[in-house]
């Protein structure tokens, strides 16, 4: 067991690393270039890999952060199969944590993205990995996937526009249970509540998703983009404002002694568990 | 069987009491201090008790009407266990009926309440007892609970902001079926439609709820309050306006001969059933 | 097999008829009086019949397009039983396709309609037949009914305010799966997602619906209309704007060579299948 811990306040880079054994879900919290990120699951060596994201996007490029979709090439490409093939992997998304710089723009990129975003979830989607899903368009999940946003447990407030989108999708009762009480949803439950479009059996997940992706990609790309714009146009301003608000509240909580204290206490408990 | 019936118009106090046998669900309609209230289930002797409400709130004080939550003590307390322990009891909430005075403020109190409101429903939730649920945050229900808003059946229009919140939560088709057609939902159905967060078996209901309440109460109260504010801030104005509109329509219906007539006819049918 | 095909651009009447064998589902696309309509299922001889619609409305008049509901006779009448009795029939609604004239007003009529609209779906609801459902109030479905909006498949963008109402009802993930990816829902799935209020077995469908319609029709009509107004008042402007936007986008797509091309390609594929 190794534990590197350097906390130096919010204006300086810090790291809180909890080394993990292979294949187990652990928390890694670190601050990088004015951005305090948290990741659930992940060994330090995986961080670079995680930065690129394991979300599957229906974009022409590699499965990194989506670009905002240029008019000149609106045709969606195919997802890299490696995104969801193989054993379940968690969706891990770097948390936007400080409301400045390019990190805050991560969520905004989803809000502004013009082409349909298709997600194939084949493992746990935790924190921002789950809260970002309503900013995507179609969400297909492996039966083994699960979804959790345990923000309050480690002293954080929700992000990724989940405070606006979760209530819209599943109603306040379920949204608050996830966002305040940290309830973990199975893939079927997430589908029943509208967070997921459809659930497939693990054995045929890749095939089922590929068939549908190919059908979608064969449609007129202008029609796809215009249709997405019709669905989303009403929400854009509301989502931008929600992103702003959520960032401001996170800033406030982390700026308070109490907020940082409860997060560190949570981490200490996790460290003590080793 | 005893039947006291004094109707003296809307500007004077009136009572329409239908005495009930013990433990049976009956309708009690009465007017008190400029407020015509209806209660489903309840013997006259229970009225005072019902005034305090049997909703379980995550508040520091007794389970009466929630105060608006002062900043000085934002930490939520535990629910009184008696609120949901024991045999199923209905959630009975005094109906706001006339759009003036403190009674109209009942619904507004929920809209303005800053701390998370947790409800544990262990019996029937009828009328305002059901329609107020979307103004709460987490709603856990006993498998035996059921939910009904049979407003139109006795000549009333919906209240408790249900005309705005029910469509948001479950879509117009289910909302109108409940609000116009009076459909009764089981706990599982209410959960499937998003009115309820989760359903538990009667045998372990109290335990399951207590575990979750304690977890919630152990979270940083500032984070809980800020998170709720993020979820609710977008809806506050809309809900205040909905409450106003619903009160105005109820006033109009009761002010009309036809509106009062259909309500009295409904009561007469109930009286004749004895 | 007979195939009449005359395409003469958008400013002139055109017909694209695909003759069908009896009782089979086929596509008929035709343009009539400045309106390019599509109908799924239907022989040319059925067109006049289909014009009147097989939607069941809770209106005093015949089951044609609903009038806007006059104040002078607000009491809803009973549905013509023939609307849903007998073997399953598809709901076929003429597609509003050009954003001008009375055809565009078809959707607007639903938006403005003051009395509750009750729909009994006893067969497939495709395209506008499905997308118009959220503008109705209560939707009861036969277990054999199914629902599909395969707009993008034949190069169209969604209409009937579905780009606003589908996400509201079922969340973006399911809405986009239906509107972009063309997923077909069973009656039970449509009910789970909130598009349908309740599903009944085919054997007792007519009876179950009739009981509920009669109960509804026995309510105070003023209360019904006021209650519907409360539920809908908040959405009217948003829906009018959505209808406008959807019409504009359809106009744009059809005006483009690419848009018309992909629609004709789809039709050619269908013709070639004979």
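Protein chains in written order, with my numbering: chain A, 26 to 299; chain B, 26 to 299; chain C, 26 to 299. Even glycine gets a Cβ: it sits at the ideal position worked out from N, Cα and C. Bear in mind that the values here come from a model prediction, so they are computed numbers and not experimental data.
Kindly indicate which three-state DSSP category residue 158 of chain B falls into: helix, strand or coil?
Correct three-state label for residue 158 of chain B: helix.
Pairing CB atoms from the stretch 151–161 of chain C with CB atoms from the stretch 183–203 of chain C, are three or more of them under 8 angstroms?
Result yes; three or more Cβ-Cβ pairs closer than 8 angstroms.
Here's the rule I'm using: 16 or more other beta-carbon atoms within 10 Å means buried, otherwise exposed. How should residue 282 of chain B be labelled?
The residue is exposed, with fewer than 16 neighbouring Cβ atoms inside 10 Å.
According to DSSP, simplified to helix, strand and coil, what is residue 149 of chain A?
Correct three-state label for residue 149 of chain A: strand.
Can you give the Cα-Cα distance for residue 131 of chain C and residue 218 of chain B, rounded to whole angstroms?
Per the coordinates, the alpha-carbon of residue 131 of chain C lies some 30 angstroms from the alpha-carbon of residue 218 of chain B.
Taking 8 angstroms as the threshold (beta carbon to beta carbon), is residue 96 of chain A in contact with chain C?
Model confidence at residue 96 of chain A stands at a pLDDT of 34, short of 50, so the residue's coordinates are unreliable and nothing is read from them.
Report all residues from its chain with a CB closer than 8 angstroms to the CB of residue 253 of chain C; omit the five preceding and five following residues, and keep chain order.
The residues 139, 140, 141 and 162, in chain order, have a CB closer than 8 angstroms to that of residue 253 of chain C in the same chain once the five nearest residues on each side in sequence are set aside.
Would you please state the rounded distance, in angstroms, between the beta carbons of residue 244 of chain B and residue 177 of chain A? I believe it to be under 8 angstroms.
About 4 angstroms; that satisfies the 8 angstroms criterion.
Can you have a look at residue 171 of chain A and say buried or exposed, based on whether 16 or more other CB atoms are within 10 angstroms of its CB?
Buried, since its Cβ has 16 or more Cβ neighbours within 10 Å.
Neighbourhood of residue 287 of chain B by C-beta distance below 7 angstroms, restricted to the same chain and skipping five residues each side:
Closer than 7 angstroms at Cβ, skipping near neighbours: 180.
Beta-carbon proximity list for residue 226 of chain A, same chain, < 6 angstroms, skipping 5 on both sides:
Sequence-distant Cβ neighbours of residue 226 of chain A in its own chain, meaning closer than 6 angstroms and more than five residues away, are 168.
So, under 8 angstroms CB-CB, residue 208 of chain B and residue 255 of chain C are touching, yes? Tell me the CB distance rounded to an integer number of Å.
Taking 8 angstroms as the upper bound for CB-CB distance, residue 208 of chain B and residue 255 of chain C are not in contact here, some 18 angstroms apart.
8 angstroms is my cut-off, CB to CB: does residue 57 of chain C come that close to chain B?
In this prediction, residue 57 of chain C has a pLDDT of 27, which is less than 50 and means its spatial position is unreliable; what the coordinates show is noted afterwards. It does not: the Cβ of residue 57 of chain C has no partner Cβ on chain B nearer than 8 angstroms.
Once DSSP output is grouped into helix, strand and coil, what is the label at residue 138 of chain A?
Residue 138 of chain A falls in the coil class under three-state DSSP.
Buried/exposed call for residue 148 of chain A, threshold 16 Cβ in 10 Å
With 16 or more Cβ atoms within 10 Å of its Cβ, residue 148 of chain A is classed as buried.
Show which residues of chain B have a CB atom less than 8 angstroms away from the CB atom of residue 194 of chain C.
196, 197 and 198, listed in chain order.
Within 8 angstroms of any Cβ in chain C, is that where the Cβ of residue 126 of chain B sits?
Interpretation of residue 126 of chain B is limited by its pLDDT of 40, a score under 50 that renders its predicted location unreliable; the figure taken from the coordinates is listed afterwards. No, its Cβ sits nowhere closer than 8 angstroms to a Cβ of chain C.
For residue 278 of chain B versus residue 201 of chain B, is the C-beta distance shorter than 8 angstroms?
In this structure, the beta-carbon distance from residue 278 of chain B to residue 201 of chain B does not fall below 8 angstroms.
Close-in-space but distant-in-sequence residues of the same chain around residue 113 of chain B (CB under 8 angstroms, 5 per side omitted):
A caution first: residue 113 of chain B carries a pLDDT of 41, below 50, which makes its placement in the model unreliable, though a value can still be read off. Cβ neighbours of residue 113 of chain B beyond the five flanking positions: 147, 148, 149, 167, 169, 170 and 227.
What number of angstroms, rounded off, separates the C-alpha of residue 264 of chain B from the C-alpha of residue 239 of chain A?
Computed Cα separation, rounded: 44 angstroms.
Is residue 249 of chain B buried or exposed, if buried means 16 or more other CB atoms sit within 10 Å of its CB?
The residue is buried, with at least 16 neighbouring Cβ atoms inside 10 Å.
Are residue 261 of chain A and residue 136 of chain A close, meaning C-beta to C-beta below 8 angstroms?
With a cutoff of 8 angstroms on beta-carbon distance, residue 261 of chain A and residue 136 of chain A are scored as near each other.
At a CB-CB cut-off below 7 angstroms, which residues of chain B make contact with residue 162 of chain C?
Annotation: Cβ neighbours of residue 162 of chain C in chain B (cutoff 7 angstroms, chain order): 197, 201 and 205.
Taking Cβ positions, are residue 206 of chain A and residue 164 of chain A nearer each other than 8 angstroms?
No, they are not a contact pair.
With a threshold of 8 angstroms between beta-carbons, can residue 220 of chain B be considered close to chain A, or not?
Cβ-Cβ to chain A under 8 angstroms: yes for residue 220 of chain B.
Cα-Cα separation, residue 235 of chain A to residue 145 of chain A:
So the alpha carbons of these two residues sit roughly 10 angstroms apart.
Close-in-space but distant-in-sequence residues of the same chain around residue 204 of chain A (CB under 8 angstroms, 5 per side omitted)
Cβ neighbours of residue 204 of chain A beyond the five flanking positions: 174, 176, 177, 183, 187, 188 and 191.
Which residue marks the beginning of the alpha helix (DSSP H) containing residue 232 of chain A, and which one marks its end?
Boundaries of the alpha helix (DSSP H) around residue 232 of chain A: 230–242.
For the stretch 224–247 of chain A, enumerate the residues whose C-beta is nearer than 8 angstroms to any C-beta of chain C, in chain order.
For the stretch 224–247 of chain A, the set of positions with a beta-carbon nearer than 8 angstroms to some beta-carbon of chain C reads 237, 240, 241, 244, 245 and 247 in chain order.
For chain C, check one thing: does any of its Cβ atoms lie closer than 8 angstroms to the Cβ of residue 182 of chain B?
Yes, residue 182 of chain B counts as interfacial toward chain C.
Residue nearest to residue 267 of chain A in terms of C-alpha spacing, selected from B:273, B:258 and B:266
For residue 267 of chain A, the nearest C-alpha among the options comes from B:258.
DSSP state of residue 267 of chain C, grouped into three classes?
Correct three-state label for residue 267 of chain C: helix.
Kindly list the residues whose CB is nearer than 8 angstroms to the CB of residue 133 of chain C, restricted to its own chain and excluding five residues on each side of it in sequence; keep chain order.
The beta carbon of residue 133 of chain C sits closer than 8 angstroms to the beta carbons of 265 and 268 from its chain, once the five residues preceding and following it are set aside; these are given in chain order.
Can you pull the chain B neighbours of residue 269 of chain A, defined as C-beta to C-beta under 8 angstroms?
Those within 8 angstroms of residue 269 of chain A in chain B number zero; the least Cβ separation is about 11 angstroms.
How is residue 167 of chain A classed by DSSP in three states: helix, strand or coil?
DSSP places residue 167 of chain A in the strand class (E or B) of the three-state scheme.
Please state whether DSSP places residue 102 of chain A in a helix, a strand or coil.
Because residue 102 of chain A sits at a pLDDT of 28, beneath the cut-off of 50, its placement in the model cannot be relied upon, and the following sentence gives the value as read from the coordinates. Residue 102 of chain A: coil per DSSP, three-state reduction.
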